[in-house]
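Here is the structure we will look at, set down as structure tokens.
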Amino acid sequence: MAMDKTVVSASEAVADISSGSSIAVGGFGLCGNPMSLISALLDLGSDDLSIVSNNCGVDDWGLGVLLANRRIRKMTSSYVGENKEFERQFLTGELEVELTPQGTLAEKLRAGGSGIAAFYTQTGVGTQVAEGGLPRRYDGSGGVAIASPPKDVRAFGVRGEEKQFVLEEAITTDFALVHAVRGDRHGNLVFNKSARNFSPLAAMAGRICIAQVEELVEPGEIDPDAVHLPGVFVHRVVPVGSAIEKRIERRTVRSTEGN
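For the sequence shown, our numbering assigns the number 32 to the initial residue and increments by one for each residue that follows.
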């Protein structure tokens with residue numbers, strides 16, 4: 032792998048993402064969405080995509096732009112409540128959805144990137160997450176065409192008490208798309224605040240990780256203790272500048288006294 036991983040443009044960086052690819056995408060809500068890469072992927076025209084991300088953006092932002100253009104076949108997500116088109120496609124049977132508890136999704140990505148095949152967790156024990164039957168795809172008439180399968184549940188002794196745990200398989204994908212506030216030419220990345228929740232994990236899970244960065248610096252300019260994701264996980268770096276649009280999911284203001 033070349034040490035200088037910079038790529039001139041987002042379109043060049045995503046050029047080999049073909050139809051049918053699986054992609055892990057970073058971000059948390061609308062924070063840290065790799066919009067330059069998503070827009071380039073939209074322009075590329077690839078479809079039948081299987082996306083793993085905490086959420087699917089909104090109707091006109093984030094992964095929502097791919098969804099609106101029928102580019103996504105399946106979403107593996109935790110939170111999908113902000114996208115009306117997502118709801119419509121799911122209920123009409125156009126979109127397959129694998130709902131996953133948020134912490135479990137994060138650990139599935141981390142495990143995949145760490146070479147761990149599966150792990151046991153208490154999250155989901157006693158629910159359809161473990162027992163199966165969660166709708167993944169509807170048939171368009173209100174029936175369930177594809178339901179989640181049951182998962183292996185085992186008892187383990189924890190602190191002298193036997194508890195039930197459900198087996199969760201790790202996630203790996205063909206590609207990963209992430210946004211970082213800073214990165215160097217070797218691919219070492221720094222994420223801003225809550226964008227760090229999922230972005231490093233998504234990056235780890237992708238066999239080819241593509242990062243757009245607001246600030247590109249030279250190797251050595253990032254303090255090693257400040258690196259959130261080592262460059263060993265990153266294959267392409269695209270500088271996009273800091274003037275890119277950054278949306279706020281819900282703007283909340285406090286009324287001044289007397290108003």
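Every residue gets a Cβ at the ideal spot worked out from N, C-alpha and C, and that includes glycine.
Treat the numbers as computed from the prediction; the structure is a model and nothing was measured.
### Minimum C-alpha distance to Leu73 - residue among Ser84, Ala55, Gly93 and Gly57
By 1-based counting over the sequence shown, the position of residue 73 is 42. Checked all of Ser84, Ala55, Gly93 and Gly57; the closest Cα to Leu73 is Gly93.
### Message
Buried or exposed, going by whether 16 or more other CB atoms sit within 10 Å of the CB of Ser52?
### Response
Working through the sequence shown from its first residue, we reach residue 52 at position 21. By the neighbour-count rule (16 or more Cβ atoms within 10 Å), Ser52 is buried.
### Query
Once you ignore the five residues that flank Val89 on each side, which residues in its own chain have a CB closer than 6 angstroms to its CB?
Position 58 of the sequence shown holds residue 89. Excluding positions up to five away in sequence, the list reads Gly95, Glu113 and Asn114.
### Message
Between Thr107 and Glu129, how many whole angstroms is the CB-CB distance? I'm expecting something under 8 angstroms.
### Response
Your numbering for residue 107 matches position 76 in the sequence shown. Your numbering for residue 129 matches position 98 in the sequence shown. Right, the Cβ-Cβ distance comes to about 4 angstroms (below 8 angstroms), so this counts as a contact.
### Other residues of its chain near Ala148: CB distance less than 8 angstroms, five sequence neighbours each side excluded
In the sequence shown, counting from the first residue as 1, residue 148 sits at position 117. Ala142, Glu200 and Ala201.
### Message
Restricting to Cα atoms, I'd like to know which of Val209, Leu247, Pro270 and Gly262 is closest to Val83.
### Response
What you label residue 83 is simply residue 52 of the sequence shown in a count that begins at 1. When each option's Cα is compared against that of Val83, the closest is Val209.
### Query
Any idea if Lys194 is buried or exposed, counting beta-carbon neighbours within 10 angstroms, 16 or more meaning buried?
Along the sequence shown, read from residue 1 onward, the residue named residue 194 stands at position 163. That one is exposed.
### Task
Whole angstroms is fine: what's the gap from Asn64's alpha carbon to Arg227's?
In the sequence shown, residue 64 corresponds to position 33, counting from 1. In the sequence shown, residue 227 corresponds to position 196, counting from 1. For Asn64 and Arg227, the distance between alpha carbons rounds to 11 angstroms.
#### Entry: DSSP three-state assignment for Pro270, whether helix, strand or coil
For the purposes of this step, residue 270 is taken as residue 239 along the sequence shown, with counting starting at 1. Pro270 falls in the strand class under three-state DSSP.
### Query
Counting pairs of Cβ atoms below 8 angstroms between the segment 219 to 239 and the segment 178 to 198, do you hit three or more?
no
### Query
So, helix, strand or coil for Ser109, using DSSP?
Counted from its first residue, the sequence shown places residue 109 at position 78. The answer is coil: DSSP assigns Ser109 none of H, G, I, E or B.
### Query
When the Cα atoms are used, what is the spatial distance from Asn223 to Glu280?
Along the sequence shown, read from residue 1 onward, the residue named residue 223 stands at position 192. Along the sequence shown, read from residue 1 onward, the residue named residue 280 stands at position 249. Taking the straight line joining both Cα atoms gives about 16 angstroms.
### Message
According to DSSP, is Arg227 part of a helix, a strand, or is it coil?
### Response
Mapped onto the sequence shown, residue 227 falls at position 196. It is helical.
### Query
Apart from the five residues on each side of it in sequence, which residues of its chain come closer than 8 angstroms, Cβ to Cβ, to Gly157?
On the sequence shown, residue 157 is found 126 positions in, with the first residue counted as 1. Correct list, in chain order: Gln195.
#### Entry: Close-in-space but distant-in-sequence residues of the same chain around Gly262 (CB under 6 angstroms, 5 per side omitted)
Indexing the sequence shown from 1 puts residue 262 at position 231. Correct list, in chain order: His217, Gly218 and Asn219.
### Query
Whose C-beta lies closer than 6 angstroms to the C-beta of Val269 among residues of the same chain, with five residues either side of it excluded?
On the sequence shown, residue 269 is found 238 positions in, with the first residue counted as 1. Cβ neighbours of Val269 beyond the five flanking positions: Val38, Ala41, Ala44 and Gln243.
### Message
So within the segment 39 to 86, which uninterrupted alpha helix (DSSP H) runs reach at least 4 residues, ignoring any that extend past its ends?
### Response
41 to 44 and 66 to 75
### Query
Assuming Leu198 contacts Tyr169 under a Cβ cut-off of 8 angstroms, what Cβ separation, rounded to an integer in Å, is found between them?
On the sequence shown, position 167 is the one that residue 198 refers to. On the sequence shown, position 138 is the one that residue 169 refers to. Not confirmed; about 26 angstroms, so no contact.
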